[in-house]
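Okay, so here's the structure we're looking at.
Residue numbers (full-length UniProt numbering): 1 to 416.
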């Protein structure tokens, strides 16, 4: 165990493993073979969702997640986030698909749990200052986003909507893979920063970008992917999940027409929280002046650390640009092909858009470069006659205050 606190979660996991052993002792170690002998009722499905949801960290079963990530080394935290927690999601998907004609409330329950996990996880992350706990909360957010896609697919099974099944399951599985890439970048990059400074509190950093430029650029790519900004891989999976919500809103069922727009708006708000958190982490950690001597004396990360983080960051870029070709490959794991959805995500033209949109500001800057004002002398910032102090810089606490202030009780619970 990584820490002694979540021992009760380990006990629950042991009981789940005992159930799996009982299935194997009954004659088969495969869930699909066993399901052919015993019908999968809602009671079994619900118990399975609780058990696998505990492993995935679905809120309110997330208590072990921040503790385990904060007390683990960076590679171990990356392993928890990218592999261990995903097993819980795949377990939920397997149980839902074994149900045959899944009831509608299964999909609705997964959608509601996914939206709560994504939104609350984003709030937790915005209010956190320990970088590994912050990334752990963002893992909760992305677990919720993946669960939204899987829930849309299960809802499509209940409503007999092939397009909704293809969009939901493909988007959820693709985002599952993409999250493993950019979250590995962020955890390993955070480990490199800790290796050189000894700090995980971003309030004690600052100015790291000039001293660790390679890690700074790689972390920027990972943070942009985490915020689902094009042309990175985090955008591609979420875009397909958005399309599943649009299709859900056009379904014949009343609950679909109700949930589709609400989920799309909720996911957009969650994305805004992710963008705020991206700006907070990068601005406070890598920009500005150093806040401690350790940050001021930081140096470049070792070569092997830098190479691993940069290689994963390149994969994040390729995962977004190559999405039109990768998504059909992912859809082979879905009973229906992605082309059934008639979605523009399968067209190569989106690749040109993903590349052109981020380059547009630089093209405009180049066009107006000749008309810029002549260079001027630069000096220290004017602070009304007082000496500039480190306390005058923007802090992570102050950055999150506009969101934290309207929710005093909630923020006390988060920091408690």
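For glycine and all other residues, C-beta sits at the position ideal for the given N, C-alpha and C.
Excluding five sequence neighbours on each side, which residues of the same chain lie with their C-beta closer than 8 angstroms to the C-beta of residue i?
i, result
"residue 48", "91, 92 and 95"
"residue 53", "61, 88, 92 and 113"
"residue 439", "Within the shown structure, residues of the chain are numbered from 1 to 416, placing residue 439 beyond reach of any answer."
"residue 246", "260 and 264"
"residue 403", "123, 126, 127, 273 and 276"
"residue 238", "145, 171, 175, 228, 267 and 271"
"residue 251", "159, 161, 164, 257 and 260"
"residue 108", "151, 155, 255 and 259"
"residue 288", "206, 207, 393 and 394"
"residue 183", "78, 81, 82, 135, 138, 139, 142, 222 and 226"
"residue 232", "182, 221, 224, 225, 316, 317, 319 and 320"
"residue 253", "104 and 159"
Within a Cβ cutoff of 6 angstroms, which residues of the same chain sit near residue i, ignoring the five residues on either side of it in sequence?
i, result
"residue 37", "For residue 37, the predicted model reports a pLDDT of 49, less than 50, meaning its position is unreliable and no value from the coordinates is stated."
"residue 125", "134, 137, 138 and 277"
"residue 236", "320 and 323"
"residue 104", "158"
"residue 415", "The predicted model places residue 415 with a pLDDT of 46, which falls under 50 and marks its position as unreliable, so this point remains unresolved."
"residue 179", "142"
"residue 326", "none"
What does residue i pair with, by DSSP beta-bridge criteria?
i, result
"residue 130", "201"
Measure the Cβ-Cβ separation of residue i and residue j and say whether it is below 8 angstroms.
i, j, result
"residue 82", "residue 203", "no"
"residue 167", "residue 240", "yes"
"residue 56", "residue 102", "no"
"residue 119", "residue 234", "no"
"residue 80", "residue 74", "no"
"residue 58", "residue 117", "yes"
"residue 427", "residue 194", "Absent from the structure is residue 427, since the part of the chain shown begins at 1 and ends at 416."
"residue 77", "residue 132", "yes"
"residue 215", "residue 306", "yes"
"residue 209", "residue 294", "no"
"residue 200", "residue 299", "no"
"residue 150", "residue 181", "no"
"residue 70", "residue 130", "yes"
"residue 301", "residue 212", "yes"
"residue 140", "residue 65", "yes"
Quick one: residues in its chain with C-beta nearer than 7 angstroms to the C-beta of residue i, no 5 flanking neighbours on either side, listed in chain order?
i, result
"residue 400", "126, 127 and 280"
"residue 248", "152, 155, 164, 256, 259 and 260"
"residue 176", "86, 89 and 146"
"residue 290", "206, 207 and 296"
"residue 115", "144, 148, 263 and 266"
"residue 330", "170, 173 and 174"
"residue 20", "Below a pLDDT of 50, predicted positions are generally treated as unreliable, and residue 20, at 49, falls in that range; no measurement from the model is reported."
"residue 24", "Because residue 24 sits at a pLDDT of 45, beneath the cut-off of 50, its placement in the model cannot be relied upon, and the point is left open."
Are the stretch 245-263 and the stretch 182-198 touching, with three or more C-beta to C-beta distances below 8 angstroms?
-> No, the stretch 245-263 does not touch the stretch 182-198.
Whole runs of the alpha helix (DSSP H) within the stretch 251-335, excluding any shorter than 4 residues | 254-286, 293-296, 303-321 and 323-330
Just list the alpha helix (DSSP H) runs in the stretch 34-121, keeping only unbroken ones of 4 residues or longer that don't cross its boundaries, in chain order.
-> 42-56, 64-70, 74-79 and 85-98
Run through the stretch 120-188 for me and flag every whole alpha helix (DSSP H) of 4 or more residues, listed as ranges in chain order.
-> 131-159
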